[in-house]
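> Sequential numbering from 2 applies to the sequence shown in the working numbering.
Here a beta-carbon is modelled for each residue, glycine too, at the ideal position from N, C-alpha and C.
Here the structure is a predicted model, which means the values were calculated and not measured.
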Amino acid sequence: MKAQLSFGALLTLPVLALAGEQMDSSAFYDAAPGQVFRGVEAQALTVGTLEGDETPYLTAHGTVSGKALYLELHGASLRLQIGRRTFQRQLERAYRPAGTRVAELDSRGTSLYIKSDVQAHNSTLCLESLPAFASGSTFNKSVFVILDSAKSPRVYQLPPLFASCRALVARQSGAFEVPIWSPLTEPSRGYQITYFRLDKSGLVATKRRLKAEVSESASDQFTFTEQAPDAPPAKPDFASQTIERGESCLHLSGEFGGDRSARDKELTAEMTRLSCGTVVKSLKRLKSTLPKDSRQLTEVNELLKAFE
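1. If we count Cβ pairs, one from each stretch, closer than 8 angstroms, do we get three or more for the stretch 23-36 versus the stretch 211-225?
2. Short of 8 angstroms in beta carbon distance, which residues of its chain neighbour L291, apart from the five on each side in sequence? Order them along the chain.
3. In terms of DSSP beta bridges, what is H75 paired with?
4. Could you tell me whether the stretch 40-59 touches the stretch 251-267, using the rule of 3 or more Cβ pairs below 8 angstroms?
5. DSSP state of F223, grouped into three classes?
6. When the Cα atoms are used, what is the spatial distance from H62 to K282?
7. Examine the ligand HEM and report whether any of its heavy atoms sits within less than 7 angstroms of the Cβ of L199.
8. For T186, is the classification buried or exposed, using 16 other Cβ atoms within 10 angstroms of its Cβ as the cut-off for buried?
9. Per DSSP, R86 is paired with what?
10. Just the Cα atoms here: how many angstroms apart are K288 and F145?
11. Are at least three pairs of beta-carbons, each pair with one atom in the stretch 84-95 and one in the stretch 109-123, less than 8 angstroms apart?
12. Work out the CA separation of D107 and T207 for me, nearest whole Å.
13. Taking only the alpha-carbon atoms, compute the straight-line gap between Q173 and R80 and give it to the nearest angstrom.
14. Note down the Cα distance separating T195 from V205, rounded to an integer number of angstroms.
15. Whose CA, out of D200, V179, K212 and K201, lies closest to the CA of Q193?
16. State yes or no: is the beta carbon of E178 nearer than 8 angstroms to at least one beta carbon in chain D?
17. So what does DSSP say about F177, is it helix, strand or coil?
18. By Cβ distance below 6 angstroms, which residues in the same chain neighbour C277 in space, the five residues on each side in sequence not counted?
19. Work out the CA separation of V156 and D149 for me, nearest whole Å.
20. Return the first residue and the last residue of the beta strand (DSSP E) that F239 is part of.
21. How would you label K285, buried or exposed, when you count the other beta carbons within 10 angstroms and need 16 or more for buried?
22. Just tell me which of N123, F197 and V48 has its CA closest to the CA of Q158.
23. Spatial neighbours of G76 within its chain, please: C-beta separation below 7 angstroms, excluding the five flanking residues on both sides.
Now the structure itself:
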């Protein structure tokens with residue numbers, strides 16, 4: 002009989018088993034249960050150009066959910082052809098955590114990871130490169146994860162610090178998560194790692210957090226320890242809720258293609274759930290209640306201008 006682990010044990014296994022050991026970020030990712038691209042060899046995208054077009058075309062072929070895959074990247078424009086279906090996505094419209102700048106993939110060396118599954122919604126792609134025009138060794142990478150690739154692709158950009166396709170994990174619940182690193186304030190030499198769930202509306206922080214302490218002998222070696230969850234956050238006030246709803250609706254409207262595709266239906270359902278049809282009215286009502294020197298007033302004005 003095979004031994005079985007509870008879900009709770011599965012989540013904490015890497016930290017408990019490796020307590021006190023030092024490793025780099027790659028080894029940490031490879032030790033994580035549920036690593037999506039475990040054993041998957043990355044393939045380099047082929048680079049080509051057309052006469053009169055300085056922007057190169059990056060292409061790749063593969064198989065996803067038993068169907069032929071053709072991937073084409075031209076600047077920030079991503080084209081996926083899976084079987085008889087073709088999808089167009091723009092990388093600058095990818096879901097990304099607040100404050101994360103739009104990343105560019107380097108045409109000199111972009112890799113593609115493919116994890117195919119018999120269930121189309123579980124087939125996953127990932128594009129990875131050093132930041133465009135980067136030189137030398139760096140802890141930063143440009144990484145774009147593509148979920149539901151064979152049915153209705155959703156694109157997520159990871160923050161660059163220690164970003165890696167190999168960091169993506171699948172939980173027993175079916176959710177996909179990635180660790181996001183944030184430098185700790187001095188005098189600590191280390192990072193806080195928070196796992197974010199790749200949700201249909203964006204990247205959502207989970208309660209799972211770790212601390213990565215930097216080795217005194219090497220800046221790319223860490224000791225990882227699990228952190229206790231924070232106390233439940235206070236319920237957001239009306240202003241915060243309205244601004245967050247406005248930001249979500251603005252992002253979703255930018256994804257809408259108007260072609261009655263499966264992705265459009267998915268977006269429409271999410272926009273209905275968020276009551277995006279009344280969000281401008283809500284923002285205007287909120288604007289009339291905020292002090293003139295309020296930071297939130299600036300955010301509201303920027304959102305209203307974007308909705309014009």
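By the coordinates alone:
1. yes
2. A240, Q297, L298 and V301
3. Y58 and S78
4. no
5. strand
6. Rounded to the nearest angstrom, the two C-alpha atoms are 47 angstroms apart.
7. Questions concerning the ligand HEM fall outside what the structure shown contains, since it holds no ligand whatsoever.
8. exposed
9. I83
10. 36 angstroms
11. no
12. Using only the alpha carbons, I get a separation of about 31 angstroms.
13. 30 angstroms
14. 10 angstroms
15. Among D200, V179, K212 and K201, the Cα nearest to that of Q193 is on K212.
16. Protein chains in the displayed structure number just one, and chain D is not present.
17. strand
18. C250
19. 9 angstroms
20. No beta strand (DSSP E) holds F239; the alpha helix (DSSP H) holding it covers F239 to E256.
21. exposed
22. F197
23. Excluding sequence neighbours, G76 sits near T56.
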